[in-house]
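S.K.: All you need for my numbering is the position in the sequence shown, starting with 1, plus 2. Backbone N, C-alpha and C fix where the C-beta goes; we use that ideal spot for every residue, glycine too.
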Amino acid sequence: MRENVNLSVCGTDCSACYCYGKMCSGCNDLSGKVFHVPEGKACAIYDCTVNQKNLKSCGECGEVPCDIWKKTRDPKYSDEEFAESIRVRIQALKEN
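1) Have a look at 42, 61 and 46 and flag the residue whose alpha-carbon is nearest the alpha-carbon of residue 75.
2) According to DSSP, is residue 6 helix, strand or coil?
3) If we require 4 or more residues per run, which alpha helix (DSSP H) segments fall completely within the stretch 7-91?
4) Of the residues 44, 18, 98 and 19, which one's Cα is nearest the Cα of residue 60?
5) Smallest Cα separation from residue 26: which of 71, 8 and 78?
6) Under the rule that 16 or more other beta-carbon atoms within 10 Å means buried, what is residue 10, buried or exposed?
Given below as structure tokens:
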């Protein structure tokens with residue numbers, strides 16, 4: 003298990019983001035209201051994992067990566083960058 007890593011429910015390491023600790027306290031502290039989702043709404047991944055399935059993270063779900071992951075992508079990513087982000091997040095969830 004990794005120490006001092008602030009993983010969001012989808013496996014993103016929030017501590018690696020330049021906004022973390024400044025204008026953002028992380029996905030879990032913001033109840034899934036991350037920058038690229040519509041204002042006032044929670045990320046669909048967060049909503050599914052925490053509110054519908056009552057899981058600590060997607061790492062406890064056997065359907066990852068699911069269609070929600072594909073529909074809830076940060077628009078700044080290209081297709082290749084998005085695929086890599088999924089690979090990195092899945093690896094982080096396995097290691098945590």
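M.R.: Based on what the coordinates show:
1) 46
2) A caution first: residue 6 carries a pLDDT of 47, below 50, which makes its placement in the model too unreliable to give a value.
3) 69-73
4) 98
5) 8
6) buried
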